[in-house]
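Taken in sequence, the protein lines are chains A and B. Residue numbers are given in our numbering: position 92 of the first sequence equals residue 319, and the series is strictly consecutive. Residue numbers are given in our numbering: position 276 of the second sequence equals residue 503, and the series is strictly consecutive. Think of the CB as a built atom: it goes at the ideal place given N, C-alpha and C, for glycine as much as any other residue. Shown next, in structure tokens, is the structure this report addresses.
Number of protein chains: 2
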Amino acid sequence: MSRTPTAPPTPSTTARRTRATGRVTLADVAREAGVSPITVSRALRGERAVAQELCERVQAAATALGYVPDPAARALASSRSSHVAVLIPKLSNTLFVELLDAVQNTLVPAGYQTLIGVTHYDAGEEEAVLRSFLAHRPAGLIVTGSDRSEAANAMIEGSGVPCVRVMEVGEEEGGHSVGFSQRDAGRAITQQLLDSGRSRIAYVAAQLDPRTLERGEGYEAALVQAGLADRVNKVLSAEPSSMALGGALLERVLREAPGTDAIFFCNDDLAQGALLAALRLGIEVPGKLAVAGFNDLPGSDQMVPPLTTVATPRREIGEQAAQMLMKLMRGQPVDTPHLDLGFQVVRRASS
Amino acid sequence: MSRTPTAPPTPSTTARRTRATGRVTLADVAREAGVSPITVSRALRGERAVAQELCERVQAAATALGYVPDPAARALASSRSSHVAVLIPKLSNTLFVELLDAVQNTLVPAGYQTLIGVTHYDAGEEEAVLRSFLAHRPAGLIVTGSDRSEAANAMIEGSGVPCVRVMEVGEEEGGHSVGFSQRDAGRAITQQLLDSGRSRIAYVAAQLDPRTLERGEGYEAALVQAGLADRVNKVLSAEPSSMALGGALLERVLREAPGTDAIFFCNDDLAQGALLAALRLGIEVPGKLAVAGFNDLPGSDQMVPPLTTVATPRREIGEQAAQMLMKLMRGQPVDTPHLDLGFQVVRRASS
DNA sequence: CTGAAAGCGCTTACAG
DNA sequence: CTGAAAGCGCTTACAG
């Protein structure tokens with residue numbers, strides 16, 4: 228008995244023009260199971276009725292051969308890939324990363340691949356990313372918010388690819404969305420500051436994306452309702468949000484409106500930066516100034532003092548959006564096309 | 228003249244078995260340009276020599292028809308997709324997100340799509356992700372570190388897909404890598420603490436991935452070389468890294484080793500949490516205790532006091548790894564298969 | 001419930 | 001430098 232391992236059949240000896248990829252294909256499984264390739268295809272996808280017994284035989288053959296379907300072939304034949312494209316504005320905002328993580332955790336186990344597109348809050352970039360992604364014939368699409376160009380909307384519409392919008396809930400926009408009311412959340416945290424006795428409240432925002440502006444509207448509505456319309460003080464910066472900017476904006480507010488007794492920052496990174504700046508400058512929080520943020524990002528509960536903020540359910544949004552999208556991709560009915568997951572005001576020591 | 232828009236030709240009236248996808252194909256472009264499909268394919272990919280004049284005619288036809296190549300067809304025919312799979316341990320660590328962002332920024336403009344796989348520091352998950360990704364026949368692969376299972380290595384090897392390892396530089400591992408010496412960096416920051424007069428230095432680490440342990444080795448080497456082998460104090464926690472954990476570990480160190488005059492945390496999030504805890508507890512930093520971190524994450528420069536740390540070039544790593552991978556994917560030579568991008572000790576007020 | 005035929009839109013491998 | 005043929009590995013659309 229030779230110790231030499233059995234050599235695999237060498238097709239290279241046969242002069243042939245075929246391109247042997249060495250892959251185990253559907254045809255191999257079909258041969259092994261003694262059925263036709265279409266039956267294998269159907270059995271493996273669980274599509275249509277395939278006799279129980281055949282189904283099992285196919286499964287066994289597939290396992291025995293270590294068959295892995297080829298996504299490219301599948302996509303080409305069906306004009307639909309297993310990709311789900313997710314469009315977010317930035318990767319530098321923890322909020323979107325957590326959203327993405329939740330989407331992935333839901334979609335990947337179901338056999339979908341996530342394609343991430345970063346738009347940098349830019350309509351042109353969003354269109355470019357969308358164009359490139361749609362060429363891949365994604366099975367589904369998740370986009371952030373509802374503020375995109377006509378062209379982008381037309382591309383989505385025209386592609387026929389199921390799409391779910393996240394972070395905002397817009398019933399008036401049609402389609403499908405999962406999120407919460409940014410406006411109501413802005414209003415609620417402002418109300419919290421009012422309720423705790425503050426009356427000279429500033430709203431400080433950066434980046435100025437639509438959601439940020441909606442929070443500002445909520446802020447304004449709360450002040451107006453409290454009869455403080457003349458005290459509305461919005462300090463807006465188009466710069467990207469950061470802790471350093473939060474500190475700088477804190478100083479600016481106190482310089483421009485020294486009487487300010489509370490600041491609602493549109494995002495926790497600004498608020499965290501402001502809290503640290505206050506510490507450096509010796510500004511007593513909440514004694515002299517109350518500080519509130521938005522999103523309840525990592526670290527906000529660790530601040531000195533801990534930061535009052537609005538906890539937003541981005542992980543749940545990601546998960547529910549993915550779930551809704553899966554229904555759409557499978558052609559199943561969606562009972563709640565616009566899912567409002569709410570928010571929660573978290574009062575901590577900074578206010 | 229009717230105001231009704233011109234109806235598109237309706238193939239549905241013709242009884243036929245073909246599946247009209249309505250897509251503009253290579254064949255359409257070929258017809259328009261008056262050449263064969265293969266010539267279009269070659270002209271558009273810039274592959275092989277195609278007569279200048281034909282090339283231009285093809286480009287013009289493609290533009291005129293708005294031709295977008297079908298990635299699935301391309302992948303099926305060539306057994307190679309335009310996907311690059313990137314494997315990272317976690318999305319909750321800013322470090323990896325920035326790495327990813329840099330990779331994307333480099334790869335996307337070059338026409339590649341990034342597929343992100345999260346392994347959660349788990350060998351089994353890594354294998355599963357790898358198996359699923361390799362079925363997509365990625366053009367390239369970027370993986371974090373070099374600590375993976377035999378099975379995973381075999382899959383990568385066997386796939387023949389070009390692969391670049393990031394964050395560590397391992398010449399002894401063969402293949403290709405871009406990163407820096409975690410050990411040297413750990414040693415350098417420890418040396419910095421020694422140089423500034425500290426001698427009871429603890430190393431505090433969480434997560435305990437290989438890179439964290441290497442930093443610890445550097446820490447130990449520095450102490451040993453300084454003749455302080457008996458002062459080595461490693462406090463290790465397998466929990467995931469977080470600011471809250473940093474605070475908790477600070478307390479633990481001071482309880483277990485009250486004489487400690489400096490702590491080197493394996494990651495900035497731990498160090499930031501420790502700094503804030505020190506503030507709460509009234510522990511003077513750096514007066515009573517020096518604190519150093521690792522990575523120079525966002526916010527470290529904003530802390531009170533600002534955090535001494537090691538700035539790591541993850542964005543440059545991502546960019547260079549992507550660049551190296553592109554060369555590999557195109558079959559071009561790589562002059563430096565193991566690229567050490569170094570690190571920088573950033574001394575701030577916390578030490 | 002199962003299958004034979006055709007086709008998805010490209011590229012490879014040969015020829016010339 | 002250009003092309004006709006075949007094939008990549010699946011699924012769709014019909015039939016039965």
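Return the residue from the list the options that minimises the CA-CA distance to residue i.
i	options	result
Leu508 (chain B)	A:Val531, A:Ala501, A:Gly500	A:Val531
Ser305 (chain A)	B:Ile544, B:Ala362, B:Asp297, B:Ala433	B:Asp297
Ile343 (chain B)	A:Asn332, A:Asp457, A:Pro525	A:Asn332
Gly385 (chain B)	B:Ser426, B:Leu361, B:Ala350	B:Leu361
Ala287 (chain A)	A:Ser308, A:Leu271, A:Val277, A:Arg375	A:Leu271
Arg425 (chain A)	A:Arg458, A:Pro533, A:Val313, A:Arg301	A:Arg458
Glu441 (chain A)	A:Ser423, A:Asp411, A:Val462	A:Asp411
Val313 (chain A)	A:Ala549, A:Gly558, A:Ala254	A:Ala549
Ala484 (chain A)	A:Met470, A:Glu466, A:Ile428	A:Ile428
Leu292 (chain B)	B:Gly397, B:Ala257, B:Ala350, B:Gln452	B:Ala257
Asp567 (chain B)	B:Phe492, B:Asp255, B:Gly397	B:Gly397
Pro437 (chain A)	A:Ser373, A:Leu318, A:Arg358, A:Ala299	A:Ser373
Glu259 (chain A)	A:Glu283, A:Gly558, A:Val393	A:Glu283
Met470 (chain A)	A:Leu463, A:Leu502, A:Arg479	A:Leu502
Tell me which residue opens and which closes the beta strand (DSSP E) that residue i is part of.
i	result
Ser404 (chain A)	404 to 407
Thr439 (chain B)	Not the beta strand (DSSP E): Thr439 (chain B) falls in the alpha helix (DSSP H), residues 437 to 452.
Ala433 (chain A)	428 to 433
Met394 (chain A)	390 to 395
Leu566 (chain A)	565 to 567
Gln340 (chain B)	340 to 345
Ala538 (chain B)	536 to 538
Gly367 (chain B)	367 to 371
At what residues does the alpha helix (DSSP H) containing residue i begin and finish?
i	result
Phe323 (chain B)	321 to 334
Gly351 (chain B)	350 to 361
Ile383 (chain B)	377 to 386
Ser305 (chain A)	298 to 305
Ser268 (chain A)	264 to 272
Ile544 (chain B)	541 to 556
Leu477 (chain A)	470 to 483
Val285 (chain A)	279 to 292
Taking its Cβ as the centre, do 16 or more other Cβ atoms sit within 10 Å of residue i, making it buried, or is it exposed?
i	result
Ser577 (chain A)	buried
Thr487 (chain A)	buried
His565 (chain A)	buried
Pro336 (chain A)	exposed
Thr237 (chain A)	Annotation note: pLDDT 36 at Thr237 (chain A) (below 50); position unreliable, coordinate value reported separately. The residue is exposed, with fewer than 16 neighbouring Cβ atoms inside 10 Å.
Glu353 (chain B)	buried
Pro365 (chain A)	buried
Ile265 (chain A)	exposed
Thr563 (chain B)	exposed
Arg482 (chain B)	exposed
Glu399 (chain A)	exposed
Thr439 (chain B)	buried
Thr290 (chain A)	exposed
Asp328 (chain B)	buried
Gly526 (chain A)	buried
His401 (chain B)	Note that residue 401 (chain B) is Gly in the sequence shown, not His. Classification of Gly401 (chain B): exposed, given that the 10 Å Cβ count is below 16.
Gln452 (chain A)	exposed
Ser308 (chain B)	buried
Ser376 (chain A)	exposed
Ser268 (chain A)	buried
Pop quiz: residue i and residue j are said to be a contact at Cβ under 8 Å. What is the actual Cβ separation, rounded to whole angstroms?
i	j	result
Arg542 (chain B)	Glu395 (chain B)	The pair is not a contact, with the Cβ atoms about 17 Å apart (cut-off 8 Å).
Ile544 (chain B)	Val405 (chain B)	5 Å
Val431 (chain B)	Ile490 (chain B)	6 Å
Val388 (chain B)	Leu368 (chain B)	5 Å
Phe570 (chain A)	Phe407 (chain A)	5 Å
Tyr348 (chain B)	Gln434 (chain B)	7 Å
Leu534 (chain B)	Ala504 (chain B)	The Cβ separation is near 13 Å, so there is no contact.
Leu524 (chain A)	Thr321 (chain A)	5 Å
Across which residues does DSSP place residue i in a beta bridge pair?
i	result
Val256 (chain B)	Val256 (chain B) pairs with nothing; no bridge assigned.
Arg575 (chain A)	DSSP output for Arg575 (chain A) lists no bridge partner at all.
Phe491 (chain B)	B:Tyr430, B:Ala519
Ser308 (chain B)	None; Ser308 (chain B) has no bridge partner.
Ser464 (chain A)	A:Ala433
Leu314 (chain B)	B:Gly344, B:Val370
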